[in-house]
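Below is one structure, written out as C-alpha cells, with a few remarks after it.
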Amino acid sequence: MTEPMLTIRGVTAYYGAIAALKGVDIDVAKGEIVTLIGANGAGKSTLMMTIFGSPQARDGSIVYDGRDITRMPTHEIARLRIAQSPEGRRIFPRMTVLENLQMGAAVTQFAHFDEDLRRMFDLFPRLKERVSQRGGTLSGGEQQMLAIARALMSRPQFLLLDEPSLGLAPLIAKQIFAAIGELNRTEGLTVFLVEQNAYHALKLAHRGYVMVNGSITLSGAGRELLEREEVRAAYLEGGRH
Amino acid sequence: MPQTPAADAQASTEASFPAAVRDAAVAALIALGLSAPMMGLVPVQSPQGLVLEQRWAPVAIAVAVVFAGRLLLNLTLWRPGRVKRVGYVPPKLEAKLAGLARFLGPLAIAGAVAMPLLPFTERYAIDLGILVLTYVMLGWGLNIVVGLAGLLDLGYVAFYAVGAYSYALLAQYFGLSFWICLPLAGILAAFWGVILGFPVLRLRGDYLAIVTLAFGEIIRIVLLNWYWVTGGPNGISGIPRPSFFGIDFDRGPDGFAATFGLDYSPLHRILFLYYLILALALLTNFVTIRLRRLPIGRAWEALREDEIACRSLGINTVTTKLTAFAIGASFAGFAGSFFATRQGFISPESFVFMESAMILAIVVLGGMGSQFGVAIAAVVMIGGFELFREFSDYRMITFGLVMVLVMIWRPRGLVSSRSPSVFLKEKKAISGSLVQEGHG
Chain A
0 MTEPMLTIRG VTAYYGAIAA LKGVDIDVAK GEIVTLIGAN GAGKSTLMMT
50 IFGSPQARDG SIVYDGRDIT RMPTHEIARL RIAQSPEGRR IFPRMTVLEN
100 LQMGAAVTQF AHFDEDLRRM FDLFPRLKER VSQRGGTLSG GEQQMLAIAR
150 ALMSRPQFLL LDEPSLGLAP LIAKQIFAAI GELNRTEGLT VFLVEQNAYH
200 ALKLAHRGYV MVNGSITLSG AGRELLEREE VRAAYLEGGR H
Chain B
0 MPQTPAADAQ ASTEASFPAA VRDAAVAALI ALGLSAPMMG LVPVQSPQGL
50 VLEQRWAPVA IAVAVVFAGR LLLNLTLWRP GRVKRVGYVP PKLEAKLAGL
100 ARFLGPLAIA GAVAMPLLPF TERYAIDLGI LVLTYVMLGW GLNIVVGLAG
150 LLDLGYVAFY AVGAYSYALL AQYFGLSFWI CLPLAGILAA FWGVILGFPV
200 LRLRGDYLAI VTLAFGEIIR IVLLNWYWVT GGPNGISGIP RPSFFGIDFD
250 RGPDGFAATF GLDYSPLHRI LFLYYLILAL ALLTNFVTIR LRRLPIGRAW
300 EALREDEIAC RSLGINTVTT KLTAFAIGAS FAGFAGSFFA TRQGFISPES
350 FVFMESAMIL AIVVLGGMGS QFGVAIAAVV MIGGFELFRE FSDYRMITFG
400 LVMVLVMIWR PRGLVSSRSP SVFLKEKKAI SGSLVQEGHG
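Keeping their order, the protein sequence lines are chains A and B.
So in numbering that gives the first Met the number 0, spot 103 of the first sequence is number 102, and the numbers just go up one at a time.
So in numbering that gives the first Met the number 0, spot 247 of the second sequence is number 246, and the numbers just go up one at a time.
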C-alpha cells in the first residue's frame with residue numbers, strides 16, 4: 000500500500016451526551032480521492048470537523064502525515080498544509096472575492112499569492128469575473144467555487160471537502176467534481192470528500208466509505224460500492240442525480 | 000369582472016378606511032389606559048397629607064394625539080399596498096458619493112486644522128471642538144473592536160476610565176509628566192483590554208455584550224469604592240495640565256508665551272489641547288487604516304464574518320480577538336489621559352454606562368467599520384447634544400427619535416459602503432444595500 004496521508008482509528012465524538020461518532024476507522028493514502036457517503040445525520044460532517052479538531056475526538060487517534068493531530072487546536076491543524084472547505088461554504092459575505100482568497104493564503108504568508116491567484120482563476124474563471132464583488136452577492140455555485148478556491152490558496156497537500164454539490168445545479172456540481180478530479184490527477188492532491196450525492200462522489204473517488212449512525216458500515220473501491228445492492232438501495236434509488 | 004390595478008388600489012384604500020379608524024381607536028384606547036394613571040392622577044401634598052389630584056386635560060390631549068397620529072400614519076405611510084422603498088441609493092449615486100468621500104476626508108481634516116485659527120472662532124467653539132474630537136477618537140477606537148472585529152463591547156468606557164485614572168494617579172503619586180503617562184495609559188488600558196478579553200473569548204453577540212457591560216460597571220464601582228487610592232466619589236483634582244513638551248502654559252518667565260516671545264493668553268493652552276486631541280484622533284485613524292490592510296486587520300474582519308471559517312483557515316482566533324480588544328482599549332486609554340489632563344479633575348461620574356452607550360451609538364450610527372461615517376456621527380451627536388443644551392429635558396427624546404429614524408432609513412448606518420482593503424485593478428466600493436440586513 001502507498002504512503003498513508005490520514006489514519007483515523009477508533010474515533011468517537013460527542014455533542015454533550017449524544018454520540019455522533021461511535022468508533023470510526025478510516026484510511027486515506029497519498030494521492031487518493033476518498034469519499035464518505037451517508038444519510039442526513041449520519042455523522043459525516045462531524046467527522047470532518049473532528050479531523051479539524053472542533054469538536055475534538057473523545058477517544059481514538061487521528062494521525063495526519065505522520066503526526067498525531069487528535070488534540071491539536073484547529074488553527075494549528077490548518078497550518079499543516081491541510082485545508083478544508085467546510086459545510087455551508089462559510090465564505091466571508093461582506094468581503095470581496097479577492098479578500099476571501101487572500102484569507103485563504105494567510106497560512107502561507109502570501110509567499111506565492113499572485114501565482115496561486117492565477118491558478119484559481121484558471122480553475123474557476125467565474126471567480127475572475129467576480130473578483131471585486133462581495134462574497135455574499137455571489138450565486139450559490141460561485142460561492143462554492145470560492146470556498147474551494149479559498150481552501151486551495153493555502154497550497155494544501157490534503158483537501159477536505161464537505162458536500163461541495165449541496166444546493167447546486169447538476170451542471171455546476173459536475174464542473175466542481177471535474178475540477179476536483181483534475182487537481183487530483185495533475186497535482187496529486189489528496190482529497191477526502193463528504194457527499195450526499197453518492198453517485199457522482201463514488202464515480203469520482205478511488206475508494207469510498209459508507210457511514211450509518213456514526214459508524215462505518217461499508218467500504219471499498221468507489222465503483223465497487225456503486226454496484227453494491229445495499230448502497231444502491233439506500234443512496235441511489237430514485238434516480239441518478 | 001376584471002379590474003384595473005388602479006381601481007383595485009382605490010377599492011382597497013376605501014375598504015381600509017374603517018379599518019384604519021378602528022386601528023387608531025385601539026391605539027387611543029391603549030394610550031388612555033397608559034396615560035390615565037400616569038398623567039391623569041397626580042399625588043399632591045396638601046394639609047391633609049398626600050391627595051390624588053385628577054387632571055384629565057393632558058390625558059385627553061395625549062389620547063387625541065395618539066388617535067390622530069395613528070390614523071394619519073394608517074392612511075399615509077402604513078397604507079396597505081403602498082410600495083416601499085427602503086434606504087435605496089442608486090448605485091451610480093453611491094459610487095459618486097464614494098468618489099466624493101475621498102476628497103471629503105482630507106477636506107474635513109483641513110477644516111479641523113484651520114477651524115481654531117479662523118478670525119470668527121470663539122473659545123466656545125474650540126472647547127466644543129475638543130469635546131467632539133475626543134468622541135471621534137473614542138468612536139474610532141471602538142470601531143476597531145465593534146466595527147472591524149465584530150465584538151459588541153458595551154463597556155468601552157472602562158478603558159477610557161483606566162486611561163484617565165492612570166494619568167491622574169501616576170501624576171499625583173509619582174509626579175510623572177503627561178508625555179510619559181500618555182503611552183503608559185495606553186499600555187495599561189491595553190492590558191485591561193486583554194484581561195477583559197480572556198474570559199469573553201468564547202462569547203459572541205448578546206452574551207459578550209452583557210459581560211462587557213458588567214466589566215464597565217465593575218471598573219466604575221471599583222473606582223468609586225477604592226477611595227484611599229482613587230478618592231472614591233470625590234475623584235482626583237489638581238491633575239497637572241499638559242505642557243508644551245516640558246514648557247508650561249503660564250505667565251512665568253519660562254512659560255510658553257515668554258519662551259516663544261508671545262503675549263500671554265489663556266487661549267494658548269486651549270489651542271494646544273485642541274491640536275493635541277486632533278493629532279491623537281488622526282493617529283487612531285491612521286493606525287486603523289493601516290491595520291486594515293495588514294493580515295491582522297483582515298483577520299479581524301474575517302472574524303466578524305465567520306469565526307469557524309477563520310479557524311479552519313489557520314487563523315488563531317484567540318490572539319486575533321485579544322489584539323482587537325487591546326488595540327481598541329489602548330486608544331481609549333490615550334483619550335482617557337487626554338480627558339484627565341484637559342479637565343484637571345476626574346471622578347467616576349464621568350465614566351458611567353451612558354458614555355459607553357454614546358460611543359457605541361456613534362459607531363453604529365456612523366456605519367460600522369466606516370471611519371468617515373463615525374466622524375460624522377460624532378460631530379452630529381455631540382454637536383447636536385450641545386445645541387440642544389437649552390432643551391435638556393427633551394435631549395434624550397430627540398436622541399432616541401434620531402436613532403429610530405436612522406435605523407429605519409439607513410439600517411447600516413450613515414456611511415454603509417465598505418471599501419475593500421485590496422484591489423486587483425480599480426477601486427470599487429460596494430453598496431451596503433446590495434447585501435441583506437444581518438448578513439454581515
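No residue lacks a Cβ here, since even glycine has one placed at the ideal position from N, Cα and C.
DSSP state of residue i mapped onto helix, strand, coil
i: Tyr155/B; result: coil
i: Pro241/B; result: coil
i: Tyr14/A; result: strand
i: Pro347/B; result: helix
i: Ile314/B; result: coil
i: Leu117/B; result: coil
i: Phe248/B; result: coil
i: Leu5/A; result: strand
i: Arg154/A; result: coil
i: Gly431/B; result: Note that Gly431/B scores a pLDDT of 48, beneath 50, so its modelled location is shaky; the value from the coordinates is reported in the next line. Helix, per DSSP.
i: Glu425/B; result: For Glu425/B, the predicted structure reports a pLDDT of 45, less than 50, and the residue's modelled location is therefore unreliable. A value from the coordinates is still provided. In this structure, Glu425/B counts as coil in the three-state DSSP scheme.
i: Tyr208/A; result: strand
i: Leu51/B; result: strand
i: Pro419/B; result: coil
i: Thr185/A; result: helix
i: Pro42/B; result: strand
i: Arg411/B; result: coil
i: His240/A; result: Its pLDDT being 42, under 50, His240/A is placed unreliably in this model, and the value from its coordinates should be taken loosely. Here His240/A sits in coil by DSSP.
i: Val131/B; result: helix
Option nearest residue i by Cα separation, candidates the options
i: Leu188/A; options: Glu194/A, Ile179/A and Gln195/A; result: Ile179/A
i: Glu304/B; options: Met102/A, Gly219/A, Ala197/A and Arg118/A; result: Met102/A
i: Gly313/B; options: Gln108/A, Gln174/A and Ala18/A; result: Gln108/A
i: Ala280/B; options: His267/B, Phe338/B and Asp253/B; result: Phe338/B
i: Ile215/A; options: Leu116/A, Gln132/A, Pro3/A and Thr11/A; result: Thr11/A
i: Ala213/B; options: Tyr155/B, Pro265/B, Ser176/B and Pro241/B; result: Tyr155/B
i: Met71/A; options: Phe66/B, Asn315/B and Gly192/B; result: Asn315/B
i: Asp26/A; options: Gly219/A, Ala233/A and Tyr234/A; result: Gly219/A
i: Val65/B; options: Pro46/B, Lys95/B and Val25/B; result: Val25/B
i: Ile175/A; options: Pro163/A, Val33/A, Pro124/A and Asn183/A; result: Pro163/A
i: Thr34/A; options: Lys173/A, Pro54/A, Ala150/A and Val193/A; result: Val193/A
i: Gln370/B; options: Ser415/B, Thr211/B and Leu74/B; result: Ser415/B
i: Arg78/B; options: Gly128/B, Ala23/B, Ala111/B and Trp408/B; result: Ala23/B
beta-carbon residue i near the ligand ADP non-hydrogen atom, thresh 6 angstroms
i: Leu167/A; result: What this structure holds is no ligand at all, so the ligand ADP is not there to describe.
Partner residues on chain B for residue i, Cβ-Cβ distance less than 8 angstroms
i: Gln83/A; result: Ser311
i: Tyr153/A; result: According to the sequence provided, residue 153/A is Ser. The question's Tyr does not apply to it. The contacting residues are Leu312 and Gly313.
i: Val106/A; result: Leu312 and Gly313
i: Arg184/A; result: Going along chain B, no residue has its Cβ under 8 angstroms from Arg184/A, so there is no contact; the nearest lies around 25 angstroms.
i: Ser53/A; result: Ile307 and Arg310
Cross-chain neighbours of residue i in chain A, by beta carbon under 8 angstroms
i: Phe422/B; result: Leu97 and Ser131
8 angstroms contact criterion, which residue i and residue j should meet: CB distance rounded
i: Glu230/A; j: Val211/A; result: Note that residue 230/A is Val in the sequence shown here, rather than Glu. Contact doesn't hold; Cβ gap of about 11 angstroms is too wide.
i: Leu97/A; j: Val421/B; result: 6 angstroms
i: Ser346/B; j: Cys180/B; result: With a Cβ gap of about 18 angstroms, Ser346/B and Cys180/B do not count as contacting.
i: Gly296/B; j: Leu137/B; result: That pair is no contact at about 20 angstroms.
Residues that residue i contacts on chain A, provided the C-beta gap is smaller than 7 angstroms
i: Arg297/B; result: Glu98, Gln101 and Met102
i: Pro294/B; result: Ala105
i: Glu304/B; result: Phe91, Pro92, Arg93 and Met94
Chain-ordered chain A contacts of residue i [CB-CB under 9 angstroms]
i: Ala301/B; result: Phe91, Met94, Glu98, Asn99, Met102 and Ala105
i: Ala148/B; result: Neighbours of Ala148/B on chain A: none; closest Cβ ~13 angstroms, over 9 angstroms.
i: Arg417/B; result: Arg93, Met94 and Arg133
i: Glu385/B; result: Those within 9 angstroms of Glu385/B in chain A number zero; the least Cβ separation is about 34 angstroms.
Proximal residues of chain B, C-beta to C-beta of residue i below 7 angstroms
i: Thr49/A; result: Simply none; closest approach about 13 angstroms.
Amino acids of chain B, ordered along the chain, whose beta-carbon sits closer than 9 angstroms to that of residue i
i: Ala77/A; result: Arg310, Ser311, Leu312, Gly313 and Ile314
i: His74/A; result: Cys309, Arg310, Ser311, Leu312, Gly313, Ile314, Asn315, Thr316 and Val317
Quick test of the definition: if touching needs 3 or more C-beta pairs under 8 angstroms, does the region 130-144 of chain B touch the region 315-334 of chain B?
The region 130-144 of chain B vs the region 315-334 of chain B: in contact.
Compile a chain-ordered list of the residues in the region 193-221 of chain B whose CB is closer than 8 angstroms to at least one CB of chain E.
Given the protein chain composition of this structure (A and B), no chain E is represented.
How do the region 0-10 of chain A and the region 43-57 of chain A stand: do at least 3 beta-carbon pairs fall below 8 angstroms, yes or no?
Yes, they touch.
Evaluate contact between the region 243-255 of chain B and the region 265-276 of chain B, counting only Cβ atoms and requiring at least three cross-stretch pairs below 8 angstroms.
Yes, they touch.
Mind the definition here: the region 73-81 of chain A touches the region 156-173 of chain A only if three or more C-beta pairs lie below 8 angstroms; say whether that holds.
The region 73-81 of chain A vs the region 156-173 of chain A: in contact.
Three or more C-beta pairs below 8 angstroms linking the region 21-39 of chain B and the region 57-70 of chain B
Between the region 21-39 of chain B and the region 57-70 of chain B there are three or more inter-stretch CB-CB distances shorter than 8 angstroms, so the stretches are counted as touching.
If you pair each beta-carbon of the region 381-400 of chain B with each one of the region 106-122 of chain A, do three or more pairs fall below 8 angstroms?
By the Cβ test, the region 381-400 of chain B is not in contact with the region 106-122 of chain A, since fewer than three Cβ pairs between them sit closer than 8 angstroms.
Does the region 187-202 of chain B touch the region 361-377 of chain B, meaning 3 or more C-beta pairs lie closer than 8 angstroms?
Touching, no, given that fewer than three Cβ pairs across the two stretches are closer than 8 angstroms.
Contact the region 340-354 of chain B vs the region 210-228 of chain B: 3+ CB pairs below 8 angstroms:
Yes: at least three Cβ pairs fall under 8 angstroms.
Answer yes if the region 235-242 of chain B comes into contact with the region 152-168 of chain B, meaning at least three C-beta pairs across the two stretches below 8 angstroms, and no otherwise.
Under the 8 angstroms Cβ criterion, the region 152-168 of chain B counts as touching the region 235-242 of chain B, having at least three qualifying pairs.
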